[in-house]
Amino acid sequence: MVGQEGKGVVPQGVVRGRDPGVVLGLRLLSIGPLLILGLLVVGVALVTPAFLKPINLGNILAQTSVIAIVAMGQQLVILTRGIDLSVGSNLALSTVVGGLVFQASGEAVPVIAAMLATGALVGAINGTVYVYGRLPHPFIITLATLSICRGLALALAPGHTTMRGMPEAIGALGAQSLLGLPLGVFVVAAVAGVLLVVTRLMVAGRWIAAVGGNPQAAVSMGIPVKGVLVATYVISGLCAGIGAVVLAGRTDAASPVYGQLLELDTIAAVIIGGASFLGGRGHLGHALIGAVLIGVIRNALNLLNVEVFYQMVALGVSIVLAVEADVLRSHLEARARVLQARAQ
Amino acid sequence: MTDPILSIRHAHERFGASRALDDVSLDAWPGEVTGLLGDNGAGKSALVKCISGIHALDEGQMLLHGAPVTLTSPAAARAAGIETVYQDLALFDNLSPAQNFYAGREIAGPAWLPRPLRFLNKPAMRQNAAEVIDRLQVRLPHPDTPVAMMSGGQRQAIAVARATVFARNIVLLDEPTAALGLREARKVLDLIARLRDAGNAVILITHNMEHVTELADRAVVLRQGRKVGELKPEAGSRQELVALIVGAEQ
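Protein chains in written order, with this note's numbering: chain A, 3 to 346; chain B, 1021 to 1270.
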């Protein structure tokens, strides 16, 4: 994984071949999103005191939790140079399948299992078709499943519309809180914990980073690249399924129109959070910071009575800025390489 | 005289209509550097791909320590003790040198778990890598710096060092000095000499006549997929080698 440098640790005893400007630039870029989040929170709090009220903060976290969960799966896919456009439709289909199971059984466990299984199955289809269908880019298959899942969700939902009601245990995710935090936040923490162990401590995480860093070399080094890629799409789909449970709980409903533009939100979260489209660069923190950043931007614009259309404009502008920062980072790294060569 | 570690016998390889390898035989002995020379498209890359397990031979035989082997994947080649330093280095820019060394063969446990779910033994990998880098006297920035931040020479050194960690028989180097300046190339040549002195059979693919005459114990020349000559390179045989490579005698 990205190891120590992600934490902004200054390497000891590496004066040789280092330009302080380059080092400072790279460090600023690595903590940039967190810095911006901090400044944004302070700024918004100064302008609109309502922002810091516990109920508002709780709202932000509750609204952010679905984006955060799905963005963590998206982050793994983007880490391998891929993209998962199907997450929003996948989430909608998962809630609808869960809703149908609820109507049939009324129990919480089968409903949750159905949502998770649907999400993971769509992910498995994405990964399998992409890898074994030898598609040039996952864009294509996940765009196809975006359409397929939405269509299926609408077709399966009785009356092609929202289905009210969820088992009590799932509804508690939205209605109840613990230690002053909405329960969805704890789902985010649990998913983050599991993924943290996989990506940081396990061989699988190293393989995902390697496939993202250099897919060709990963083949040469004997890493099972195809399996790794399929696995990342399954995880992304599973995260959409988990997001479906949380959203269904919060709204006490299942709906074929859930998750519209969730692919945009999650991709934006990963990129704005500081991960790279260039492959192999990024960690869960990026997805989480990005999700909160989006939540805060939206909430702030709401509190400031800015029309909702401009929220979309703001999100788009943030994406461009984040990608430019990514380009700047690779430029600085190239500069660091030149300096290393001169110092030899 | 010892036996060759690696023998290629009557190798044939086709890509569609073109013949990449046409009845090529080659031996590599322990503690020797075998230079593999040829113009672009002469079949060097095809031969490298066969030895490193990327392509299977269409016809012919590969012998390791006298026993026939079939290498079906790069992983199989590496398991057989064949390490390859690829021309593009096959490094992971986002990973540190130690992570690069062990990518695909991580030290991890416990053994009863499926490989992907095993836990990395990071201290062991980091320490082993540091020892190798130290032994080879490669100067690198902080060990946790990603390879993306390193110079061409340092990257080349990391790729060669990775091969030295695991090489047990054969090290194949594809144009290891092509992208380097004079001083950086010199360091890599030193590393190659160490690999040879450690008892490996080294196969060196290069365009650089100077490096061949300096390092190689034998030079094999390919042209249009055929082996057109094998000789002991000396300072005086450069003309002859060039003539073989371009086919000037015919």
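Ideal Cβ positions, reconstructed from N, Cα and C, are used throughout, including at glycine. Every value quoted in this text rests on a predicted model; they were computed, and no experiment measured them.
Status (buried if at least 16 other CB within 10 Å, exposed otherwise) for residue i
i, result
"N92 of chain A", "buried"
"F1035 of chain B", "exposed"
"H1231 of chain B", "buried"
"M3 of chain A", "Here the model assigns M3 of chain A a pLDDT of 37, short of 50, so the residue's position is not dependable, and the following value carries that caveat. M3 of chain A should be labelled buried."
"G161 of chain A", "exposed"
"V298 of chain A", "buried"
"E1204 of chain B", "buried"
"K1247 of chain B", "buried"
"N1120 of chain B", "buried"
"V196 of chain A", "exposed"
"F311 of chain A", "exposed"
"H333 of chain A", "exposed"
Sequence-distant residues of the same chain with beta carbon closer than 6 Å to residue i, five excluded per side
i, result
"M117 of chain A", "S96, G100, G243, A246 and V247"
"L158 of chain A", "V98"
"V113 of chain A", "G100, V103, F104 and P169"
"I237 of chain A", "G75 and L78"
"L1137 of chain B", "none"
Proximity test, Cβ basis, 8 Å: residue i and chain A
i, result
"A1095 of chain B", "yes"
"P1196 of chain B", "no"
"N1114 of chain B", "yes"
"A1110 of chain B", "yes"
"Q1107 of chain B", "no"
"Q1119 of chain B", "yes"
"G1061 of chain B", "no"
"E1230 of chain B", "no"
"P1130 of chain B", "no"
"A1123 of chain B", "yes"
"P1161 of chain B", "yes"
"E1033 of chain B", "no"
"E1126 of chain B", "yes"
Closer than 8 Å to chain B by CB, residue i
i, result
"A122 of chain A", "no"
"M314 of chain A", "no"
"V205 of chain A", "yes"
"R83 of chain A", "no"
"I225 of chain A", "yes"
"A222 of chain A", "The sequence shown places Ser at residue 222 of chain A, rather than the Ala named in the question. Closer than 8 Å to some Cβ of chain B, the Cβ of S222 of chain A qualifies, so yes."
"G129 of chain A", "no"
"Q77 of chain A", "no"
"A212 of chain A", "yes"
"R283 of chain A", "yes"
"R136 of chain A", "no"
"A289 of chain A", "no"
"G23 of chain A", "no"
"A246 of chain A", "no"
C-beta atoms of residue i and residue j nearer than 8 Å
i, j, result
"L1057 of chain B", "L1261 of chain B", "yes"
"I1223 of chain B", "T1054 of chain B", "yes"
"Q342 of chain A", "M1170 of chain B", "yes"
"D86 of chain A", "N58 of chain A", "no"
"I1074 of chain B", "P1088 of chain B", "no"
"L249 of chain A", "V43 of chain A", "no"
"E1195 of chain B", "T1233 of chain B", "no"
"E1250 of chain B", "R1238 of chain B", "yes"
"E1126 of chain B", "V205 of chain A", "yes"
"V1241 of chain B", "L1215 of chain B", "no"
"L306 of chain A", "T50 of chain A", "yes"
"I1153 of chain B", "A1181 of chain B", "yes"
"A1118 of chain B", "P1163 of chain B", "yes"
"V1208 of chain B", "Q1176 of chain B", "yes"
"G419 of chain A", "P140 of chain A", "This structure leaves residue 419 of chain A out entirely; chain A is present only between 3 and 346."
Proximal residues to residue i (C-beta, below 8 Å), its chain only, five neighbours per side dropped
i, result
"Q14 of chain A", "Per-residue confidence for Q14 of chain A stands at a pLDDT of 40, beneath the threshold of 50, marking its modelled position as unreliable; no derived number is given."
"C151 of chain A", "S88, S91, N92, A94, L95 and V124"
"V187 of chain A", "L63, A64 and S67"
"H1030 of chain B", "D1043, V1044, S1045, E1079, G1080 and Q1081"
"A1183 of chain B", "E1103, T1104, V1105, V1191, L1193 and L1215"
Contacts around residue i, its chain only, beta-carbon distance under 7 Å, and the 5 residues preceding and following it disregarded
i, result
"A1048 of chain B", "P1024, I1025, L1026, T1054, I1190, A1221 and I1223"
"A73 of chain A", "T268, A271, V272, A289, G292 and A293"
"Y260 of chain A", "L93, A94, T97 and L249"
- Message: Output needed in chain order: residues of the region 189-203 of chain A with a Cβ under 7 Å from some Cβ in chain B.
- Response: Shown in chain order are the members of the region 189-203 of chain A whose Cβ falls below 7 Å from a Cβ of chain B: L203.
- Message: Give me the subset of the region 1135-1152 of chain B whose CB atoms are less than 9 Å from a CB atom of chain A, sorted by chain position.
- Response: From the region 1135-1152 of chain B, only R1135, P1136, L1137, R1138, F1139, L1140 and K1142 have a Cβ closer than 9 Å to chain A.
- Message: At a CB distance below 8 Å, what residues from the region 29-60 of chain A approach chain B? Give them in sequence order.
- Response: So the list is empty, because no residue satisfies the distance condition.
- Message: Under 8 Å, CB to CB, which of the residues in the region 1076-1104 of chain B have a partner in chain A?
- Response: Going along the region 1076-1104 of chain B in chain order, one finds S1093, P1094, A1095, R1098 and T1104 with a Cβ nearer than 8 Å to chain A.
- Query: What residues in the region 1166-1179 of chain B have a beta carbon less than 7 Å from any beta carbon of chain E?
  - Reply: Looking for chain E here will not work: the only protein chains present are A and B.
- Task: Could you run through the region 1234-1265 of chain B and flag, in chain order, every residue whose CB is less than 8 Å away from some CB of chain A?
- Result: Listed by position, the residues of the region 1234-1265 of chain B near chain A (Cβ gap below 8 Å) amount to none.
- Message: To be precise: take each residue of the region 307-341 of chain A, compare its Cβ to all Cβ atoms of chain B, and keep it if any distance is under 7 Å. Which residues remain?
- Response: For the region 307-341 of chain A, the beta-carbon criterion of a distance under 7 Å to any beta-carbon of chain B is satisfied by E335, A338 and R339.
- Task: Using a Cβ-Cβ cut-off of less than 7 Å, give me the residues of the region 253-282 of chain A that come near chain B, in sequence order.
- Result: Flagged, chain order: G282.
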